[in-house]
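Have a look at the structure below, then the notes.
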Amino acid sequence: MSTFAILAVSACALISWCVLVQAAREVLVARAQPPACPCRDLVSITVGQSPVTTQFSTHGVEALKADLTRMARGAGEVH
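With the first letter of the sequence shown counted as 1, position 9 gets the number 11 in the working numbering; the numbers rise by one all the way through.
Here it is as structure tokens:
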């Protein structure tokens with residue numbers, strides 16, 4: 003085979019491989035299940051109009067831990 007023929011066959015094989023990979027990717031995306039919990043769907047996360055504020059005090063580490071625990075409990079109430 004000539005060099006040109008080898009390059010042509012190689013180019014066709016590469017293009018075919020890329021088309022095959024793209025088709026397989028599209029099939030996998032089409033078969034993908036939506037998330038079971040809406041909180042895992044990162045596209046639909048919205049933030050309310052009011053800003054999130056923390057109420058830290060000057061009582062030190064214990065107050066900080068209490069505030070973080072309060073915020074964690076509040077975040078768990080979404081479900």
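Glycine included, every Cβ here is placed at the ideal spot set by N, Cα and C.
Simplified DSSP assignment, three categories, for residue i
{"i": "residue 24", "result": "helix"}
{"i": "residue 80", "result": "Residue confidence for residue 80 is low, a pLDDT of 49 falling below 50, so the modelled location carries little weight; the figure read from the coordinates is stated next. Coil, per DSSP."}
{"i": "residue 32", "result": "helix"}
{"i": "residue 3", "result": "coil"}
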